[in-house]
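Numbering (my numbering), first residue to last: 87 to 236. Glycine included, C-beta positions come from ideal geometry on N, C-alpha and C. Model, not experiment: these values are computed from the prediction.
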Amino acid sequence: MFDFLITLYPWIKSLHIIAVISWMAGLFYLPRLFVHHTESVEPKSNTDFLFRKMERKLMSVIMYPAMFVAWVCGILLAITPGLIDFGMFWPWIKFISVLLMTGFHLWLSNRLKLFERGENSMTGKSYRIMNEVPTVLLLIIIISVIVRPF
């Protein structure tokens, strides 16, 4: 039924990798913008407006489209015949980690809305700590897929 995906595999995998790299760039960069926005920008200033514009564009122009393409291509790869043995543990670890990464993305989107309304309550230090979340999840995902230790 999905045998045509075998022929498209190199293209789908290429798009998946490109989308994941783009998505990760945003997931790494947006919390850093939040750190500087929180620590160095006066609310309702021109710089505040500029930061909110940069954050909004990063989310809407890069991060959401990249996440969507990463998900679509990932699903296509998952249903390509012969690629994944779902009896193994690693695909499920990867899937859970991708769900957590998506949850982190949505959390950042919510934080962006709070900045837009002038209601940010987190400190720069908190954003620095949260900036480690995508790094840990990325390590788990890559090791799960490449090493397949479980």
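Within 10 angstroms of its Cβ, does residue i collect 16 or more other Cβ (buried), or is it exposed?
i	result
K180	buried
F137	buried
T166	buried
M153	buried
S230	buried
L223	buried
L225	exposed
M87	exposed
Once you ignore the five residues that flank residue i on each side, which residues in its own chain have a CB closer than 7 angstroms to its CB?
i	result
M216	P117
Excluding the five sequence neighbours on either side, which residues of its own chain have a C-beta within less than 6 angstroms of the C-beta of residue i, listed in chain order?
i	result
T194	Correcting the residue identity first, residue 194 is Leu in this sequence and not Thr. So the qualifying residues of the chain are L116.
F236	F175 and W176
If we ignore side chains and look at the alpha-carbon of each, how far apart do residue i and residue j end up?
i	j	result
F90	A164	13 angstroms
S183	I227	6 angstroms
I161	K211	36 angstroms
A105	K139	22 angstroms
T93	K99	11 angstroms
T209	R197	12 angstroms
S108	V155	10 angstroms
Beta-carbon within less than 8 angstroms of residue i's beta-carbon, same chain only, minus the 5 sequence neighbours each way: which residues are those?
i	result
E128	D134
F201	F120, H123, F137, R138 and E141
C159	I98, K99, L101, H102 and A105
Checklist entry - Pairing CB atoms from the segment 113–125 with CB atoms from the segment 166–180, are three or more of them under 8 angstroms? => result no
Next on the checklist: Quick check: the segment 186–203 against the segment 219–235, are at least 3 beta-carbon pairs closer than 8 angstroms?
Outcome noted: yes
Item to check | Ranges of the alpha helix (DSSP H) found wholly within the segment 145–218, counting only runs of at least 4 | outcome: 150–165, 176–202 and 210–216
Checklist entry - Between the segment 142–161 and the segment 98–112, do at least 3 Cβ pairs fall closer than 8 angstroms? => result yes
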